[in-house]
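The opening position of the sequence shown corresponds to residue 301 in the numbering used here, with each subsequent residue numbered one higher. C-beta atoms are modelled at their ideal positions from N, C-alpha and C, and glycine is treated no differently. Note sheet for the following structure.
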Amino acid sequence: MRVLVIGAGLVGSAAAAQLQERGHEVTVTTTTPAKVEGLRERFDDVLVLVGSDRDAVAAAVVGADAVVVTAGPSAQRAMTPEDRAATYHQVLVETARNVVAAEGAPHLVALSALSVYGRAADHLGGVLEDGPVTDSPDPSPTKFLEMEATYLGAGGDRTCVFRCGDVFGADDPPIEAKVAMAHQYLGGSVPFGADALFYRLSVQDAAAAVVHAVEHRLTGVYNLTHPELPPTNAELFDAISLSQGLPPLVYRDEIAGPACAVSVDRLAEAGFVAVTSYEPHPTLAR
301 MRVLVIGAGL
311 VGSAAAAQLQ
321 ERGHEVTVTT
331 TTPAKVEGLR
341 ERFDDVLVLV
351 GSDRDAVAAA
361 VVGADAVVVT
371 AGPSAQRAMT
381 PEDRAATYHQ
391 VLVETARNVV
401 AAEGAPHLVA
411 LSALSVYGRA
421 ADHLGGVLED
431 GPVTDSPDPS
441 PTKFLEMEAT
451 YLGAGGDRTC
461 VFRCGDVFGA
471 DDPPIEAKVA
481 MAHQYLGGSV
491 PFGADALFYR
501 LSVQDAAAAV
511 VHAVEHRLTG
521 VYNLTHPELP
531 PTNAELFDAI
541 SLSQGLPPLV
551 YRDEIAGPAC
561 AVSVDRLAEA
571 GFVAVTSYEP
581 HPTLAR
């Protein structure tokens, strides 16, 4: 199978490696020319590609049996609503529009985020894929939802969307370093809600889910995270801050997340469970 992976970052490169090991013909893309040499040591076909470049995307999609879009906004450019509006639109929405406009009918797999739910399902006691989504005006959920609608609307029954927890692993800084950086560079303020459950997703699980979706041609929307109930943002981040001799963070609540359990039953029924994404943090007694 010929697979195009748009965005050879943490998840994209891991998924591409697994697909290649399983005998698929894989092309990966990066927006950074300096990364090409390193990627060519791992993959046979590497393209420099910006998802907002309609002609380049159209050319890359030609002949692909499946297109996996793992390109995501940079966290460094997502700390304010203004930054999120520009970055999320370019990276998520414009890429989606160009992928679905390309000729052919490849299977589509795209990564979204649990932020699309906000608190909309909290009164229901659980988050299901066909439950309500947030009406928050923040660019994080609105642009992810616009991206989803683009893929699902044009791709229809050839589209799989994963709503993912916070991705970690590989070269991504550990959560302790991220909390320290929030104090050092962001004045101890973060855009998240204090009471949202901190659902996570390891790079290994994310990549394996992508491979599963490609090889089993999954379609529809799936929550992709661990089945265990995690601590809230405030419980974990403030415990880490305390362990570092720092004060609690300030939670601006611009990007709300579910404060109730996220169901992963639909994906489990489709044959996949994230098994490496949850481990109780040592700073917490739970």
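query: Are I555 and S412 closer than 8 angstroms when you measure CB to CB?
result: Here residue 555 corresponds to residue number 255 of the sequence shown, with the count starting at 1. Here residue 412 corresponds to residue number 112 of the sequence shown, with the count starting at 1. Not a contact, by the Cβ cut-off of 8 angstroms.
message: Looking only at its chain, what residues have a beta carbon closer than 8 angstroms to the beta carbon of V393, apart from the 5 residues adjacent to it on each side?
response: As a working mapping, residue 393 is identified with position 93 in the sequence shown. Same-chain partners within the cutoff: K443, E446, M447 and T450.
field: Pair within 8 angstroms by beta-carbon distance, V346 and V368
entry: Counted from its first residue, the sequence shown places residue 346 at position 46. Counted from its first residue, the sequence shown places residue 368 at position 68. Contact flag unset, no.
field: Through-space distance from P527 to R586, alpha-carbon basis
entry: Here the question's residue 586 lines up with position 286 in the sequence shown. Here the question's residue 527 lines up with position 227 in the sequence shown. Note on R586: pLDDT 47, under 50, position unreliable in the model; no value is reported.
field: Residues bridged to Y588 (per DSSP)
entry: Since the first residue of the chain shown is 301 and the last is 586, residue 588 is not available in this structure.
message: For chain C, check one thing: does any of its Cβ atoms lie closer than 8 angstroms to the Cβ of P474?
response: The chain labelled as chain C is not found in the depicted structure, where only one protein chain is given.
query: In chain order, which alpha helix (DSSP H) runs of at least 4 residues are fully inside the segment 303 to 356?
result: 310 to 321 and 336 to 340
Neighbourhood of C568 by C-beta, 8 angstroms cutoff - its chain only, sequence neighbours within 5 removed: Along the sequence shown, read from residue 1 onward, the residue named residue 568 stands at position 268. Rather than Cys, the amino acid found at residue 568 in this sequence is Ala. For A568, where only same-chain residues beyond five positions count, the Cβ hits under 8 angstroms are P527.
task: Give the C-beta separation of T370 and V305 to the nearest angstrom, bearing in mind that I take them to be a contact with Cβ-Cβ under 8 angstroms.
output: The count along the sequence shown starts at 1 and reaches residue 370 at position 70. The count along the sequence shown starts at 1 and reaches residue 305 at position 5. Right, their Cβ atoms sit about 6 angstroms apart.
query: Roughly how many angstroms separate the alpha carbons of H389 and S415, rounded to a whole number?
result: On the sequence shown, residue 389 is found 89 positions in, with the first residue counted as 1. On the sequence shown, residue 415 is found 115 positions in, with the first residue counted as 1. Their Cα atoms are separated by approximately 15 angstroms.
task: Could you spell out the range, first to last residue, of the beta strand (DSSP E) harbouring R500?
output: If you number the sequence shown from 1, residue 500 lands on position 200. Segment R500 to S502, the beta strand (DSSP E) holding R500.
field: 3-residue-minimum beta strand (DSSP E) runs that sit fully inside the segment 507 to 534, ordered along the chain
entry: 520 to 524
message: Measuring alpha carbon to alpha carbon, tell me which residue in V575, V348 and S489 is nearest A334.
response: Position 34 of the sequence shown, counting from 1, holds the residue named residue 334. Considering only alpha carbons, the answer is V348.
query: Looking at C-alpha atoms only, which residue of N533, A507 and V514 is the closest neighbour of V592?
result: Absent from the structure is residue 592, since the part of the chain shown begins at 301 and ends at 586.
- prompt: With a Cβ-Cβ cutoff of 8 angstroms, do L361 and G404 count as a contact?
  reply: In the sequence shown, the residue the question calls residue 361 occupies position 61. In the sequence shown, the residue the question calls residue 404 occupies position 104. Looking at the sequence itself, residue 361 is Val, so the reference to Leu does not match. Result yes, Cβ atoms of V361 and G404 sit closer than 8 angstroms.
- request: Compare the Cα-Cα distances from T525 to each of V503, L542 and H516 and report the closest residue.
  value: Working through the sequence shown from its first residue, we reach residue 525 at position 225. Selected option, being the one with the closest Cα: V503.
- prompt: How would you call A482, buried or exposed, if buried means at least 16 neighbouring beta carbons within 10 angstroms?
  reply: As a working mapping, residue 482 is identified with position 182 in the sequence shown. Buried is the call here.
message: Could you compute how far the alpha carbon of V433 sits from the alpha carbon of A559?
response: Position 133 of the sequence shown, counting from 1, holds the residue named residue 433. Position 259 of the sequence shown, counting from 1, holds the residue named residue 559. Rounded to whole angstroms, V433 to A559 spans 13 angstroms at the Cα level.
For T459, the first and last residue of its enclosing beta strand (DSSP E): One-based indexing of the sequence shown puts residue 459 at position 159. Looking at the DSSP string, the run of the beta strand (DSSP E) that includes T459 is T459 to C464.
- prompt: Given that a residue counts as buried once 16 or more other Cβ atoms are within 10 Å of its Cβ, and exposed if not, what is D466?
  reply: For the purposes of this step, residue 466 is identified with residue 166 of the sequence shown, where counting begins at 1. Counting Cβ neighbours within 10 Å, D466 comes out buried, since at least 16 surround it.
- request: Compute the Euclidean distance between the alpha carbons of D260 and G520, then round it to the nearest angstrom.
  value: Residue coverage of the chain in this structure runs from 301 to 586, which leaves residue 260 outside it and unanswerable.
- prompt: What span of residues does the beta strand (DSSP E) with H483 cover, start to end?
  reply: To locate residue 483, count along the sequence shown from 1; it is residue 183. Looking at the DSSP string, H483 is not in any beta strand (DSSP E); the run it does join, the alpha helix (DSSP H), is I475 to Y485.
Inter-residue spacing [alpha-carbon to alpha-carbon] between A454 and I540: Taking the first residue of the sequence shown as position 1, residue 454 is located at position 154. Taking the first residue of the sequence shown as position 1, residue 540 is located at position 240. Near 44 angstroms, if we compare the C-alpha coordinates of I540 and A454.
task: Leaving out five residues on either side along the sequence, give the residues of the same chain with a beta carbon under 6 angstroms from the beta carbon of F572.
output: Sequence index remark: in the sequence shown, residue 572 carries index 272 (1-based). The answer, listed in chain order, is A509 and H512.
query: Which residue or residues does DSSP assign as beta-bridge partners of V409?
result: Start at 1 with the first residue of the sequence shown, and residue 409 comes out as number 109. Per DSSP, V368 and C460.
field: Closest Cα partner of A359 within the set D471, A401 and S543
entry: The residue given as residue 359 occupies position 59 in the sequence shown. Of the listed residues, the one whose Cα sits closest to A359 is A401.
- prompt: Taking the alpha-carbon positions, what's the V357 to A364 distance?
  reply: Taking the sequence shown and counting its residues from 1, the one referred to as residue 357 is at position 57. Taking the sequence shown and counting its residues from 1, the one referred to as residue 364 is at position 64. Each residue's alpha carbon lies about 12 angstroms from the other.
- prompt: With distances taken from CA atoms, which of M301, V303, R302 and G312 is nearest A470?
  reply: Translated into the one-based positions of the sequence shown, residue 470 becomes position 170. Of the candidates M301, V303, R302 and G312, the one whose C-alpha sits nearest the C-alpha of A470 is G312.
- request: Just confirm the distance between the C-beta atoms of A534 and A494, as a whole number of angstroms; I'd bet it's less than 8 angstroms.
  value: To locate residue 534, count along the sequence shown from 1; it is residue 234. To locate residue 494, count along the sequence shown from 1; it is residue 194. Their Cβ separation, rounded to whole angstroms, is 4 angstroms, which keeps A534 and A494 in contact under 8 angstroms.
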